[in-house]
Structure formats: C-alpha cells, structure tokens
Amino acid sequence: MKFSAPKGTRDLLPPETAAWQHAEHVFGDVCRRFGYGEIRLPTFEQTELFQRGVGDTTDIVQKEMYTFPDKGGRSLTLRPEGTAGVVRSYVENGMASWPSPVRLYYAITAFRYENVQKGRYREFHQFGCEAIGAAGPAIDAELISLLQLFFAQMGLAETKLRINSIGCPVCREAYQALLRDWLKPHLPQLCDNCQDRFVRNPLRIIDCKETRCQAVTAQAPAQADHLCADCQAHFDGLQHQLNVLGLSYVIDRRIVRGLDYYTRTVFEFVSEHVGTQGTICGGGRYDGLIETVGGAPTPGIGFALGVERLLMELDAQGIQTPPAPTPVLFLAIAGDHEDEARRLCFRLRQAGLAVETDLLGRSLKAQMKYAGKSGTRYVLVLGDDEAASGSGRLRNLETRAETEVRLDQLEQHLLEA
RNA sequence: GUGGGAUUAGCUCAGUUGGUUAGAGUGCCAGAUUGUGGCUCUGGAAGUCGUGGGUUCAAUUCCCAUAUCCCACCCCA
C-alpha cells in the first residue's frame, strides 16, 4: 500500500516553507500596526453555524462542506472560511463589551470539497481580518489600506483593487425586483445557468463569465446605481476615504460575492497569474451577520486572502522572499574527537548559534561537501591539533579564507560575523 | 457534478511499430593516497513502467475500468 496526500491537499516542504513563514510574519506585523490581535479558533464548528452564517443557498454550504458526525452524534464541519467562526467567538465571548471596534486577524487552513485546479485546493490557507463594531466607511478604507500595505511589504508590484456596493437588505430587494423586470425580455439570450439564477438569485447573473450573458448584462442596471440613501452615503464615504489615503481603485459593478452575509461594501484584489481563479483576496461588510449568529445587531467587515494565490502571484512577478536561514558553522570532525565536537556544538547552540556537526561518521571530505551544499558560512575542523592546542582554523566557505580562533572564543567570533 | 491532457528511478523526462537483463540527465552515496567543499573523472544504490482486470504464446507498450496529478466549466481564497 502506497500512501499519498489526499486529493486537493499538498505537502509544504522546506525550503518552500520559508516563503510561507515570511508571508505569515509580514502579515502579522502589518496587522499589529493597525491594532489587530491574533485569534485562534477551532478547525471545525457545529455544522449549523456555517449553514446560518455563510448561508444555506450558497455553493459552499450546499455542496462543498466537509461535514461529519462525531461519536456523540453531533454534526461538525471543517471550516470552509474564517468569518463565521470569528463571529461565533465574538458573540460567545461577549466581545461586544470590549473596546470597540474589535479588530482580529488570523492565519488558518480552510476546507472545501471542490474539484482542484490552478489556485484552488480542498485544503487551502487564508489570512484574514475582521473588524467588528464600526459602521462607518472609515473602517472599510482602513482595512483596505492594511491590505495595500501588506502587499507593498511583500514586494508586490501592482495590485488591482476593485470595489462595489451591493446595498443592504432593503435596497437589495428593490433592486432585485428592478433587475428581474429588466432581464425578463433578455431571458432567452442567457446561458442555462443564468436561466436558473433568474429564479434563485438574479444578482449572480451580473457576474456570469459567459460572454453572451455579459453582453446582455453590460447595460443592466447596477446595484450601485440603485442604493438607498444610507447605502449611497456609505459608498460615497468609502470612496472619499480611499481618496484621502491615496489608494487607487476601480468600481466594478460586477462584483457580487458568493457568500450570503455581505452587505454594502464588497471588494477584491485580483491578479492575472492565478489561472482563472484571479481573486487573491476578497472581502466585504457583513452588517447582518452577528445578529444571524445570535448576537445583538452589530456591524462588521472583513476579508480573506488566499495564501496559495498570493504566493503564486509573488512567484509570477519574480519576487524573491528571504531564504531559509542556513547554519553559521559546520563543525567537521577529523579522527577520534566526536565527544568534544558534540560538546562544543551544543555549547554554541546554547549561545544562540545555528551549528551543525557530522552524525554519520563520514570522511572529512564528505563532511566538507555536505557543508558546502547546505549553505553553511563557516567550517571548523576539530581534530588532534585543535584538541591539543585549543584553537583551530575557521574557514569561510565563500571566500575560502581561514582565520585562527581559540575554541573558547568561537561564540564571540561567530556572533560578530 | 461535467469535460480535456497526463502518470516510466527521489526529481525532470526518453523509450518499446507488443518480444528476453527498461534508459538519460539531475539528485543521493562512495572513491580519485595521508586533515579541507563547489569544477572534473570513476563507480554504486535506486523502478512490481500509477492500480486492477482483459486481449495475446508474450503487455511498460493494445483495450476497459479505477485512482491521482494538471487544466477548464461551476463557484470561490
């Protein structure tokens, strides 16, 4: 029996993991600058949380969840996204009494049972932020500026921000009626899928990728043009705030979002290097969600960023991330001096240095080869001479230069190097 | 759930119009005289040719099924 990683999952190995660590580090750093604290939550939740939170009508809930009964008969689900869990935790832990707004960030894996393709996996990684308790557009813009800064810190050359407003339940209902009326005469020209959507959720017709549907909907009324006064003010305010911060964006009336909880502001950062899954990051406001999950009516906004897609984009733009650190010193052993080498090696590690030594009883030549391949900066051979004199030659593998150092001063020497 | 392409050594790939011991490059291990790497040379280990059936005297090669990978539809991060 030969085992392999389950479909849609993959192993992340060194040195590739260095890029992941770097991204996580930078993300956490940027989040903290904006006052976000890290939240860590269970990987699975009660199934009903996602049904209610994400929305029963969404593809995610209808066909993509990893749902299973536990031995106590509970129905549990591997999280398909991060927001529902955070909101559950917000309500459960009474965060409404925390200083407002509550700002949280996370780095998680999420799970969706989908067919795999470029930029899409069954287990995938997300960075996310949630800001709960602020209703005005300033927090929307702040969150977007956080993302801009993050992308910049990662070295991404250009990131395209698209924003839209999908209104609130009130104006959305009015708009849906309007849209249905407008679409009705064009119905025969739409694809099969959109025929369906016309009944279930006409909003989704707007972001259909079929060219014939786009041809029809290009002229269709947009939600953003039919907002109620409050939603319009919010959308105007958002644009003002973005302008104040000097952030460039385009209004894309086709952005609809596939999760039910979004209201008003929705936005995406897109790329052309991630296959047809161009969205690196998607987010929006969810002013009704906290209530849906059992809390008091509270506004909120958040985003999720696909880490696989981010790293693909970095790669496509030829951006290097810092390589994994290599050992400073390889302590090579000549002759019968293993014990001294082990002792010295541990002493240097205790002093905070990354040091390796031979564990396989290899020839000196083989040890040198190994040190060269592993990217180690220095080698010191520990043999009869060194054991007797208490000093040795520290060889710089890059320059091939050797300097004489006393073994009891090695730490000092290497820490300075 | 639906299509298309792929699957041969750790990795990247040749190959067999069906025939006996399946190849290369790279990587790995070792050696090229005594305690010093990257270049070069030599040698070695490593494959049930994705898995299961079928056709055949004979299958890695042809047929069917299945799994996985890649890409796309759908949808999303």
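Residue numbering for the first sequence is 1485 to 1901, as defined by the numbering used here. From the three backbone atoms N, C-alpha and C, an ideal C-beta is built for every residue, glycine too.
Might you give, ordered along the chain, the residues of its own chain that have their beta carbon closer than 8 Å to the beta carbon of residue i, omitting 5 neighbours on each side?
{"i": "residue 1835", "result": "1895 and 1899"}
{"i": "residue 1664", "result": "1682 and 1686"}
{"i": "residue 1714", "result": "1652"}
{"i": "residue 1777", "result": "1533, 1536, 1537, 1568, 1571, 1572 and 1575"}
{"i": "residue 1529", "result": "1560, 1561, 1563, 1568, 1569 and 1572"}
{"i": "residue 1542", "result": "1742, 1743 and 1744"}
{"i": "residue 1724", "result": "1621"}
{"i": "residue 1623", "result": "1585, 1615 and 1785"}
{"i": "residue 1598", "result": "1492, 1548, 1604 and 1606"}
Buried or exposed: where does residue i fall if 16 or more other Cβ atoms within 10 Å of its Cβ makes it buried?
{"i": "residue 1569", "result": "buried"}
{"i": "residue 1743", "result": "buried"}
{"i": "residue 1749", "result": "buried"}
{"i": "residue 1578", "result": "exposed"}
{"i": "residue 1585", "result": "buried"}
{"i": "residue 1843", "result": "exposed"}
{"i": "residue 1781", "result": "exposed"}
{"i": "residue 1609", "result": "buried"}
{"i": "residue 1500", "result": "exposed"}
{"i": "residue 1645", "result": "buried"}
{"i": "residue 1747", "result": "buried"}
{"i": "residue 1892", "result": "exposed"}
{"i": "residue 1526", "result": "exposed"}
{"i": "residue 1649", "result": "buried"}
{"i": "residue 1487", "result": "exposed"}
{"i": "residue 1887", "result": "exposed"}
{"i": "residue 1553", "result": "exposed"}
{"i": "residue 1523", "result": "buried"}
{"i": "residue 1517", "result": "exposed"}
{"i": "residue 1827", "result": "exposed"}
{"i": "residue 1594", "result": "buried"}
{"i": "residue 1908", "result": "Any property of residue 1908 remains undetermined from this structure, which presents the chain solely from 1485 to 1901."}
{"i": "residue 1557", "result": "exposed"}
{"i": "residue 1702", "result": "exposed"}
{"i": "residue 1707", "result": "buried"}
{"i": "residue 1933", "result": "What the structure shows of the chain is the stretch from 1485 to 1901, and residue 1933 is not part of that stretch, so it cannot be assessed."}
{"i": "residue 1600", "result": "exposed"}
{"i": "residue 1734", "result": "exposed"}
Across which residues does DSSP place residue i in a beta bridge pair?
{"i": "residue 1587", "result": "1615"}
{"i": "residue 1530", "result": "1560"}
{"i": "residue 1863", "result": "1814 and 1879"}
{"i": "residue 1803", "result": "Per DSSP, none; premise fails for residue 1803."}
{"i": "residue 1550", "result": "1562"}
{"i": "residue 1593", "result": "1609"}
{"i": "residue 1886", "result": "1879"}
{"i": "residue 1788", "result": "1612 and 1766"}
{"i": "residue 1521", "result": "1588"}
{"i": "residue 1601", "result": "1604"}
Excluding the 5 residues preceding and the 5 following residue i in the sequence, name in chain order all residues of the same chain whose CB lies nearer than 7 Å to its CB.
{"i": "residue 1596", "result": "1544, 1548, 1564 and 1606"}
{"i": "residue 1763", "result": "1752 and 1754"}
{"i": "residue 1635", "result": "1643"}
{"i": "residue 1666", "result": "1704 and 1705"}
{"i": "residue 1852", "result": "1816 and 1863"}
{"i": "residue 1696", "result": "1673 and 1675"}
{"i": "residue 1756", "result": "1762"}
{"i": "residue 1514", "result": "1630, 1633, 1634 and 1637"}
Indicate whether residue i and residue j have their beta-carbon atoms separated by less than 8 Å.
{"i": "residue 1798", "j": "residue 1839", "result": "no"}
{"i": "residue 1854", "j": "residue 1878", "result": "no"}
{"i": "residue 1539", "j": "residue 1745", "result": "yes"}
{"i": "residue 1830", "j": "residue 1612", "result": "no"}
{"i": "residue 1615", "j": "residue 1633", "result": "no"}
{"i": "residue 1520", "j": "residue 1631", "result": "no"}
{"i": "residue 1766", "j": "residue 1741", "result": "yes"}
{"i": "residue 1819", "j": "residue 1859", "result": "no"}
{"i": "residue 1805", "j": "residue 1502", "result": "yes"}
{"i": "residue 1865", "j": "residue 1875", "result": "no"}
{"i": "residue 1729", "j": "residue 1591", "result": "no"}
{"i": "residue 1498", "j": "residue 1808", "result": "yes"}
{"i": "residue 1791", "j": "residue 1507", "result": "yes"}
{"i": "residue 1722", "j": "residue 1629", "result": "no"}
{"i": "residue 1856", "j": "residue 1881", "result": "yes"}
Going along the chain, which residues of its own chain have a beta-carbon closer than 6 Å to the beta-carbon of residue i, five neighbours each way excluded?
{"i": "residue 1794", "result": "1764"}
{"i": "residue 1841", "result": "1815, 1825 and 1829"}
{"i": "residue 1837", "result": "1812 and 1898"}
{"i": "residue 1718", "result": "1621 and 1748"}
{"i": "residue 1602", "result": "1759"}
{"i": "residue 1710", "result": "1659"}
{"i": "residue 1736", "result": "1646 and 1648"}
{"i": "residue 1641", "result": "1801"}
Which complete alpha helix (DSSP H) runs does the region 1622–1697 hold, if anything under 4 residues is left out?
For the region 1622–1697, whole alpha helix (DSSP H) runs of length 4 or above, ordered along the chain, are 1653–1667 and 1676–1684.
4-residue-minimum alpha helix (DSSP H) runs that sit fully inside the region 1699–1786, ordered along the chain
Within the region 1699–1786, the runs of alpha helix (DSSP H) that reach at least 4 residues and sit entirely inside it are, in chain order, 1713–1729 and 1773–1776.
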